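Residues in the sequence shown are numbered consecutively from 1, following UniProt numbering.
Positions of the beta carbon are idealized from the N, C-alpha and C atoms, including for glycine.
Keep in mind it's a predicted model, so treat the numbers as computed, not measured.
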Amino acid sequence: MAEVEYNVARQAEAAKRLVANLKEQDAADDAELVADTIEGETNLNEAIEAALAEIDEEEIHIVGLKAKEEIFAERRRKKEAKVDRIKALIEQAMLITEQTSMRLPTATLTLAKRAPSLIVTNEADIPVKFWIEQERPAPKLDKKALTVALKDNEPIPGATLDNGSLSLSVRRK
């Protein structure tokens, strides 16, 4: 790869010198003569052909690598989903046995209740006071203020809080 780059640069420099010589002879205005001279006196055309072949080779690798990245991304998603399923099973087992904490030789498990989260059912119904003016693209919903108001038991059309959820915390030893 570096050899191809070096060869193109070296041949381009040789062609540059030829063009400079042709200019001294007032022959540089004839594009066909310049092209023929460069082709006959240097290996620039061959060097550029080799460079194009190298580009083709690299683009093939890029396509292959992108395909592998997609495969690995899918594998990663499957592994993450499996971890989530296993954690859900552990949470379920701890709930069934009414344990909020477990100490094991390799980890300490804790079930914690999460605060209720915001659920927007219809943005159009949410009062104007919960919108932040912006120049572009449009007003933005102030989710923090909306959540605080709902936690203070303020009835707000178009939004509600869920019941909260349990979260499994795993601290490794």
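Inside the region 29-87, DSSP marks whole alpha helix (DSSP H) runs of 4 or more residues at positions 31-41, from first to last along the chain. One thing to note: Ala-50 has its Cβ within 7 Å of the Cβ of Val-4. Within a 10 Å sphere around the beta-carbon of Ile-55 sit fewer than 16 other beta-carbons, which makes this residue exposed. With a cutoff of 7 Å on beta-carbon distance, Lys-113 and Leu-166 are scored as near each other. Around the beta carbon of Gln-92, a 10 Å sphere encloses fewer than 16 other beta carbons of the protein chains shown; the residue is thus reported as exposed. Our two residues, Val-8 and Gly-64, have alpha carbons roughly 26 Å apart in a direct line. Membership of Thr-147 in the alpha helix (DSSP H) is indicated by the continuous run 143-151. Ser-169 and Ile-96 have their C-alpha atoms spaced approximately 17 Å apart.
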